[in-house]
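Here the sequence shown stands for residues -24 to -1, 1 to 297, where the numbers follow mature numbering (1 follows the signal peptide of the UniProt record, and there is no 0).
Glycine included, every Cβ here is placed at the ideal spot set by N, Cα and C.
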Amino acid sequence: MAVPGPPPILLLPLVLLLLLRWAAVPVASYALSPGRTPQHKILHLDWPNDCGMSHFKPNMAERIVSGNEAKPHSWPWQVSLQVRPRGSKHYIHVCGGTLIHKNWILTAAHCFQKGKAEDAASWRIVLGKHQLKRSEIPERVIPVKRIYRHEHFRYPTHSELDYDIALVKAGADILPSNFIRYACLPRKQTSLKPGHYCWVTGWGDTRGGKENVSLAESLNQARLPIIDHKTCRQKKFWGDRVRDSMICAGFRDTEGPPAACQGDSGGPLLCQLGRDRWEVHGVVSFGPIGCTVENKPSVFTRTAAYIPWIEATRIRDFFLH
């Protein structure tokens, strides 16, 4: 993947650290008013009950190995995160993301490192898309209100892509339709068995070249098997760059596709575990330059490892704003 410039250092004020400590205790939280006793259960983390169900069912009949165009609107939680460069009137697709709540998009921290990347006003959320560069009737464009990168994310200040997770708060409620739905979050610390097939989706580079990234016109999908963690940590794979908070998925001994690529970053790794609902088990994080290299599978941030951080961030947002 292309390596962006160094991120700004984020300093947490003391009150933020205190709030995070509160947030780590019960999910039912407290709101404090001057001179009043705590009001219990003011905040309810209202994760959608109707998550993970697509009106237009994905095409899973074929044994798709190399990746192909998705059936339009069959992954209705797929988001295009777009930025307006300085001096430009036009937005460009930078990263994928996953709609997990009417106000929240899950994505990767490394998407927000260049120039105005920390400036929420430079970004927008585009949903209901299939053809990335064409105007489509179902699409919705929502401004970004706030961006929360994980506080411990320090790449490339440090050489590892740890804590590569971010939440984007929408500037307006995103209500579901046949074309826009929420994906489910996995349960905390859920683990996937090696060989379990999941799906990665995005508009990322389809050629896998080292230069001149060419985004896909249509949303693509690919079916990837989960790779055993011990295997992925072998030296000929990714070695100790792979942490317990990451997932490796792909085909071990081939240089061929599919793999996540530039432009797919921040997008979902979607899995079904014993029920029909789609859960976002991973966030596209990193892979080899050129995208498909032997013994270098795609690596995803493991969502289940960050459920406490996701919930704490929502509580923090509730208290501070």
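Less than 7 Å between the beta carbons of residue i and residue j, yes or no?
i: Gly180; j: Asp240; result: yes
i: Gly73; j: Ile81; result: yes
i: Ile101; j: Ile118; result: yes
i: Tyr158; j: Cys247; result: no
i: Pro52; j: Phe155; result: yes
i: Cys174; j: Leu245; result: yes
i: Ser56; j: Lys105; result: yes
i: Arg116; j: Leu103; result: yes
Tell me the rounded alpha-carbon separation between residue i and residue j.
i: Val1; j: Ser194; result: Confidence is the limiting factor: at Val1 the pLDDT is only 33, short of 50, which leaves the residue's position unreliable and the question unanswerable from this model.
i: Ala46; j: Gln197; result: 5 Å
i: His69; j: Ala85; result: 16 Å
i: Ala97; j: Val275; result: 30 Å
i: Asn35; j: Ser50; result: 8 Å
i: Arg292; j: His128; result: 16 Å
i: Arg199; j: Gly63; result: 39 Å
i: Thr83; j: Ile113; result: 25 Å
i: Ser153; j: Asp216; result: 43 Å
i: His66; j: Pro132; result: 28 Å
i: Ile224; j: Thr177; result: Reading the sequence as shown, one finds Cys at residue 224 and not Ile. Cys224 and Thr177: Cα-Cα distance of roughly 15 Å.
i: Pro162; j: Lys169; result: 14 Å
i: Arg251; j: Gly258; result: 18 Å
Buried or exposed, going by whether 16 or more other CB atoms sit within 10 Å of the CB of residue i?
i: Gln54; result: buried
i: Ala148; result: exposed
i: His77; result: buried
i: Ala281; result: buried
i: Lys145; result: buried
i: Gln165; result: exposed
i: Val260; result: buried
i: Arg278; result: buried
i: Gln210; result: exposed
i: Leu296; result: exposed
i: Leu21; result: exposed
i: Gly171; result: exposed
i: Ser111; result: exposed
i: Asn25; result: exposed
Per DSSP, residue i forms a beta bridge with which residues?
i: Ile223; result: Phe276
i: His69; result: Gln58
i: Phe262; result: Val275
i: Glu45; result: Asn196
i: Glu255; result: Cys160, Cys247
i: Gly180; result: Paired residue(s): none; Gly180 is not in a bridge.
i: Cys174; result: Leu200
i: Thr166; result: DSSP lists no partner for Thr166.
i: Leu75; result: Ile81
query: Counting only runs that start and end within the region 77 to 158, where is the beta strand (DSSP E) found for 3 or more residues in a row?
result: 80 to 83, 99 to 103, 116 to 125, 142 to 146
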